[in-house]
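What follows is a single structure, written as structure tokens, with notes after it.
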Amino acid sequence: MPNFRMTEEKENVQVSKQELEIYDRQVRLWGMEAQTKLRNAKVLIIGGTQLGAEVAKTLSLAGVDEMHLVDHNLVKKAEIGSNFLYDASVDNTTLTRWTAAHAFLSNLNKNVKLSIVEDDVLSKSNEEIEEFIRGFTIVIVLDENYERTAKLNAICHKNHIRFISGAIFGWVGYTFFDFDGHPFLTKVTPAAPIDRVDLENDAPKVTNTVVTVEDDRFEPKAFAYPTFTEAFNSDFSSKKVIRKCKRIVPSSYFLVKTMLRASKENKLTGDNDKDIEELVPIWKEEVLNGNHTLEMQPVHPEKFNHLFSPEFSPTTACVGGMIGQEAIKTITGGKEPIRNIFIYSALDSTGIACDFPLA
1455 MPNFRMTEEK
1465 ENVQVSKQEL
1475 EIYDRQVRLW
1485 GMEAQTKLRN
1495 AKVLIIGGTQ
1505 LGAEVAKTLS
1515 LAGVDEMHLV
1525 DHNLVKKAEI
1535 GSNFLYDASV
1545 DNTTLTRWTA
1555 AHAFLSNLNK
1565 NVKLSIVEDD
1575 VLSKSNEEIE
1585 EFIRGFTIVI
1595 VLDENYERTA
1605 KLNAICHKNH
1615 IRFISGAIFG
1625 WVGYTFFDFD
1635 GHPFLTKVTP
1645 AAPIDRVDLE
1655 NDAPKVTNTV
1665 VTVEDDRFEP
1675 KAFAYPTFTE
1685 AFNSDFSSKK
1695 VIRKCKRIVP
1705 SSYFLVKTML
1715 RASKENKLTG
1725 DNDKDIEELV
1735 PIWKEEVLNG
1745 NHTLEMQPVH
1755 PEKFNHLFSP
1765 EFSPTTACVG
1775 GMIGQEAIKT
1785 ITGGKEPIRN
1795 IFIYSALDST
1805 GIACDFPLA
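With the sequence shown counted from 1, adding 1454 to any position gets you this note's numbering.
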């Protein structure tokens, strides 16, 4: 396993006066308690892709304590122009992705401690990975294949570590959240108005409703989350689910599920024409299994070439922004999270949050 040391755990390190000057605006937004939680957060990001750059930027500016960045892949020429963390004036192709991004990130927020791990962590045994991730506040894995994502999520779920995954498939992207057992602030339902009844004399009864105007109150509440494998293997066959499939399952879900299945079944070769031939029958099967019709889908196979590289930058920005938002929310114990899957498709201009598996 990679040889690095996480900073020794300290209880509730406070935001310094110098840091407060830097984070003043966001402290006004989410408060000192939330900023202190960020100040103590240790984040693991696996995947130094364009999506990884968006997430690392957001969490660095938010002011987390440590970011441990994992990627063993060398930078490709095609990535240099699309990843804003790279210095395009130099040859980065001899560097691993996060090493090439280190200078930009270290200057972005010097208060954040950075650690680069140039090792294929996800190729290790479950026991080694479990030891590696222990102590992190949140684990984020990006643009990984189905099996490795599912493997890491199962380990995080078992150890009650916050988990986010996400990937960009050309013009379409998704993110999955697993914050099982971690609390968020939920709005408290106010008590029903009190009725006062006039019982004096024999006069007709008069009811006066007393309305109390108060600010909304929130209390911490933990939510149960399914695993990655459970979320992306919904059973659409029950009568209850069949009735609501067309209403609540977005068409973009089938594009994401098709790409994930193709990854899981090792169908993708890198040859776009051959890969599209493999994708079409999978997509048709997923659409019909989801109780949708092929004719009503807004995206058809003639557009499947948009599911491959290069990644569409607006899609990456939307998905990366959602990951950053929800990561900050769960670290700080903020207000209620969105549903456990978010899908953005620039092919039909939709961004939809949904809960899977369907119940």
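Cβ atoms here follow ideal geometry from the backbone N, Cα and C, with glycine treated the same way.
Remember, predicted model here, so these are calculated numbers, not experimental data.
The three-state reading of DSSP puts V1571 in strand, counting E and B together. When DSSP states are grouped into helix, strand and coil, P1768 belongs to the helix group.
Per the DSSP secondary-structure output, F1631 pairs in a beta bridge with I1618. Straight-line measurement puts the Cα of N1466 at about 20 Å from the Cα of H1522. Counting only the Cα atoms, E1749 lies some 11 Å from L1742. Here S1705 has Q1751, P1752 as same chain residues with Cβ atoms under 6 Å from its own Cβ, once five neighbours each way along the sequence are excluded. For L1523, no alpha helix (DSSP H) run applies; the uninterrupted beta strand (DSSP E) run containing it begins and ends at 1520–1524, by DSSP. In the DSSP annotation of this structure, S1799 is not part of any alpha helix (DSSP H); the continuous beta strand (DSSP E) holding it starts and ends at 1795–1799. Here G1805 carries a strand assignment [DSSP, helix/strand/coil].
By the CB criterion at 7 Å, D1597 and F1617 fall outside the cutoff. Counting every other CB atom within 10 Å of its CB across the protein chains shown gives R1479 a total below 16, marking it as exposed. DSSP places F1677 outside both helix and strand once states are collapsed to three, so it counts as coil. Collapsing the DSSP output to three states places V1467 in coil.
With 16 or more other Cβ atoms from the protein chains shown falling within 10 Å of its own Cβ, E1740 counts as buried. Nearest to K1738 by alpha-carbon distance, out of N1726, F1708, A1716, is F1708.
Within its own chain, the residues whose Cβ lies closer than 6 Å to the Cβ of V1695, once the five positions on either side in sequence are excluded, are L1812, listed in chain order.
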